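Asks: One structure, pasted below without further comment.
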Amino acid sequence: MPSATGKLRVLVFGGTNFVGQAAAVEALARGHDVTTFNRGTKPAPKGAKAIVGDRLAPDGYKGLDGLTFDAVIDTWWGDPVAVRTAVAALSGRISHYTYISTISVYDRSHTQPPLSEESPLLDPKHCDFTYGADKRGGEIAAEGADVPVLIPRPGVIVDPREGINGRLHWWLGRMERGGPTLAPGPRDNGLQYVDVRDLAAFVVKGAEAGLSGVYNLLSQPNHTTIGELLDTANSIAGGRAQLVWKDPETILKAGISPWSELPCWHPPGLEHDWVCNVKVEKAFAIGFRARPVRETLADSWAWLQTQSEKPPASGGKWGLDPAKEAAVLRG
Numbered sequence: 004m005p006s007a008t009g010k011l012r013v014l015v016f017g018g019t020n021f022v023g024q025a026a027a028v029e030a031l032a033r034g035h036d037v038t039t040f041n042r043g044t045k046p047a048p049k050g051a052k053a054i055v056g057d058r059l060a061p062d063g064y065k066g067l068d069g070l071t072f073d074a075v076i077d078t079w080w081g082d083p084v085a086v087r088t089a090v091a092a093l094s095g096r097i098s099h100y101t102y103i104s105t106i107s108v109y110d111r112s113h114t115q116p117p118l119s120e121e122s123p124l125l126d127p128k129h130c131d132f133t134y135g136a137d138k139r140g141g142e143i144a145a146e147g148a149d150v151p152v153l154i155p156r157p158g159v160i161v162d163p164r165e166g167i168n169g170r171l172h173w174w175l176g177r178m179e180r181g182g183p184t185l186a187p188g189p190r191d192n193g194l195q196y197v198d199v200r201d202l203a204a205f206v207v208k209g210a211e212a213g214l215s216g217v218y219n220l221l222s223q224p225n226h227t228t229i230g231e232l233l234d235t236a237n238s239i240a241g242g243r244a245q246l247v248w249k250d251p252e253t254i255l256k257a258g259i260s261p262w263s264e265l266p267c268w269h270p271p272g273l274e275h276d277w278v279c280n281v282k283v284e285k286a287f288a289i290g291f292r293a294r295p296v297r298e299t300l301a302d303s304w305a306w307l308q309t310q311s312e313k314p315p316a317s318g319g320k321w322g323l324d325p326a327k328e329a330a331v332l333r334g
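Just so you know, we're using this note's numbering here: the sequence shown kicks off at 4 and counts up by one.
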């Protein structure tokens with residue numbers, strides 16, 4: 004049980020990268036005792052206790068023997084056996100379990116956007132979409148815990164510390180390089196995502212309140228637009244870029260891939276609506292809030308200034324080759 008001061012003993016599986024790290028940092032900031040559990044390849048956030056273990060190894064949870072926790076935060080994305088074994092290993096020693104899932108667990112073949120918490124779900128035993136099937140399997144495993152279980156389902160997650168190969172960081176780097184810059188239209192194309200810190204805040208507050216159930220966790224549809232995103236990124240990075248807006252047909256005809264080569268962008272249509280038209284009223288009704296796009300971009304830019312490297316012009320996980328961009332701009 005929590006202490007008289009409300010301080011929780013929080014176990015974060017992972018806790019050193021992306022969502023797990025953000026959750027650990029948020030829990031520490033709210034005054035909780037935080038333990039991270041992972042393979043020990045990266046340092047835990049300052050103030051957290053680190054326990055090394057491999058969830059897929061025999062006796063992988065041995066380092067947790069005898070310990071009790073008020074809340075568990077689990078971001079596992081692979082074989083759901085790791086969630087099943089965690090629930091079994093911690094049985095009787097935890098009071099709340101959060102499994103951070105994804106909107107990818109919804110069965111697109113049996114529904115249409117907008118997705119809601121009641122939309123049909125994938126059957127992990129009859130599905131060739133491995134990521135979605137694994138995450139749905141993880142949900143099912145987590146629901147087997149004999150404690151309140153919270154399952155947030157985020158969509159696109161952005162993180163100011165995602166790395167120099169991050170989506171927002173690529174756009175900021177492109178704006179910093181300046182000059183004529185391909186901007187994928189239409190300008191008013193709406194975007195919906197969640198800042199990893201807002202996700203973490205919801206999860207930690209949910210653990211404090213003993214919240215259970217499923218919640219789609221994203222900003223509202225049209226939280227921002229591709230136009231506002233790029234204009235803001237350009238302003239923050241020095242205003243050196245001259246945005247040249249091209250319609251989706253021109254971009255696709257040039258062989259440019261949405262999303263990967265032009266991060267965060269899908270042309271209007273079904274694929275866009277799957278990720279940017281998700282119902283989130285349930286989470287907002289209990290207090291979830293999404294910070295403005297300018298704050299996320301400004302913090303991403305500030306983080307970049309602490310790095311010795313710049314986002315690569317091409318060849319990274321995200322982004323458009325300059326020669327390919329130039330060819331479209333000449334057309």
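Cβ atoms here follow ideal geometry from the backbone N, Cα and C, with glycine treated the same way. Remember, predicted model here, so these are calculated numbers, not experimental data.
#1: Near E179, what residues of its chain come up, given a Cβ to Cβ distance below 7 Å and the 5 sequence neighbours on each side ignored?
#2: Would you kindly check if the distance between the Cβ of L232 and the Cβ of C267 is under 9 Å?
#3: With DSSP as the reference, label Y134 as helix, strand or coil.
#4: In the structure shown, what three-state DSSP assignment does Q245 receive?
#5: Could you please give me the residues that DSSP links to G181 through a beta bridge?
#6: Flag this pair as touching only if the segment 157-172 and the segment 193-210 have three or more C-beta atom pairs under 8 Å; answer yes or no.
#7: Hey, L153 and G209: beta-carbon distance below 9 Å or not?
#8: Is P116 closer than 9 Å to L323 when the C-beta atoms are compared?
#9: Give me the residue from T44, P48, D36 with the minimum Cα distance to V28.
#10: So for T378, helix, strand or coil by DSSP?
#11: Quick check: the segment 131-150 against the segment 283-300, are there 3 or more CB pairs under 8 Å?
#12: Confirm, please, whether the CB-CB distance from V15 to T39 is below 9 Å.
#13: Below 9 Å between beta carbons: does that hold for V86 and V13?
#14: Three Cβ pairs or more, each shorter than 8 Å: is that satisfied between the segment 248-258 and the segment 311-319?
#15: Kindly list the residues whose CB is nearer than 8 Å to the CB of L175, restricted to its own chain and excluding five residues on each side of it in sequence; keep chain order.
#16: Once DSSP output is grouped into helix, strand and coil, what is the label at K52?
#17: Bridge partners of G216, per DSSP?
Replies: According to the structure shown:
#1: Only A240, G241, R243 meet the Cβ criterion.
#2: Against a cut-off of 9 Å, the Cβ pair of L232 and C267 comes out as a contact.
#3: Helix, per DSSP.
#4: In the structure shown, the three-state DSSP call for Q245 is strand.
#5: Paired residue(s): none; G181 is not in a bridge.
#6: Yes, they touch.
#7: Yes. Within cutoff.
#8: A distance of 9 Å or more separates the beta carbons of L323 and P116.
#9: V28 has its Cα closest to that of P48, out of T44, P48, D36.
#10: Because the chain here runs from 4 to 334, residue 378 falls outside it and cannot be looked at.
#11: Using a Cβ-Cβ distance cut-off of 8 Å, the segment 131-150 and the segment 283-300 are not in contact, since fewer than three pairs of beta carbons, one from each stretch, lie closer than that value.
#12: It is a contact, given that the beta carbons lie within the stated cut-off.
#13: Not closer than 9 Å, so no.
#14: No, because fewer than three Cβ pairs between the segment 248-258 and the segment 311-319 fall closer than 8 Å, the two stretches do not touch.
#15: Listed in chain order, the non-local C-beta contacts of L175 below 8 Å within the same chain comprise A236, I239, A240, L300, S303, W304, L307, P314, local neighbours out to five positions each way being set aside.
#16: Note: K52 maps to strand in three-state DSSP.
#17: The partner list for G216 (beta bridge, DSSP) reads L153.
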